[in-house]
Amino acid sequence: MCSIKNLPFFCSWSGGKDCCLAFYYAVQAGGKPCCLFTMLSEEGEHSKSHGLPLRILERQAASLGVPLVTGAASWEDYEGVFIGQLREFKAEGVEVGVFGDIDLEEHRKWQENACAAAGMSAYLPLWGKSRQRVVAELVDLGFQA
Numbered sequence: 653m654c655s656i657k658n659l660p661f662f663c664s665w666s667g668g669k670d671c672c673l674a675f676y677y678a679v680q681a682g683g684k685p686c687c688l689f690t691m692l693s694e695e696g697e698h699s700k701s702h703g704l705p706l707r708i709l710e711r712q713a714a715s716l717g718v719p720l721v722t723g724a725a726s727w728e729d730y731e732g733v734f735i736g737q738l739r740e741f742k743a744e745g746v747e748v749g750v751f752g753d754i755d756l757e758e759h760r761k762w763q764e765n766a767c768a769a770a771g772m773s774a775y776l777p778l779w780g781k782s783r784q785r786v787v788a789e790l791v792d793l794g795f796q797a
């Protein structure tokens, strides 16, 4: 895993617990958060991953004190829109993408490839942890829904 200390990052944001904990660990490791990035449905009203309403995602970003950046796409256009936004982040000086994936190798490879296509590195601080451990860490750290 790459070092994130003092590097500007975006966090791929689904609105769920895993991305929240990944964001926390990236900040604890010295990363500099620039924004949360969420892919939305084509209509731009709900997150693509969990179907959360945009207003909830906006409130989460506001509570963390970082802007929310969104992209809207069909599944067919998803990768192109995602990488296009990463290239914009890179042009703005963002160096790292933070992801909350734990154990899905296909997702990790896709994220690493997407970041590489934009000249960035991927940081997955939860990678390889058990799902039970992730939940226990959230509780132990005092996170609340």
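Per this note's numbering, the sequence shown starts with residue 653, numbered consecutively. Built from N, CA and C at the ideal position, the CB exists for glycine as well.
Take residue 773, set aside five residues on each side of it, and the residues of its chain with a beta-carbon closer than 7 Å to its own are 654, 747, 748 and 767, in chain order.
Annotation note: the stretch 717-781 contains the following uninterrupted alpha helix (DSSP H) runs of length 4 or greater, listed N- to C-terminal: 730-743 and 757-769. Between residue 775 and residue 750, the gap from beta carbon to beta carbon is short of 9 Å. Around the C-beta of residue 788, fewer than 16 other C-beta atoms lie within 10 Å, and the residue is accordingly described as exposed. Using a 10 angstroms sphere on the CB of residue 665, the tally of other CB atoms reaches 16 or more, which defines it as buried. In this chain, the alpha helix (DSSP H) harbouring residue 672 covers 669-680. Ranked by Cα distance from residue 695, the options 725, 714 and 752 are led by 725. Rounded to whole angstroms, the gap between the alpha carbons of residue 738 and residue 720 is 14 Å. Taking a C-beta distance under 9 Å as the contact criterion, residue 709 and residue 688 qualify as a contact pair. With 16 or more other Cβ atoms from the protein chains shown falling within 10 Å of its own Cβ, residue 699 counts as buried. DSSP places residue 790 in the uninterrupted alpha helix (DSSP H) bounded by 783-792.
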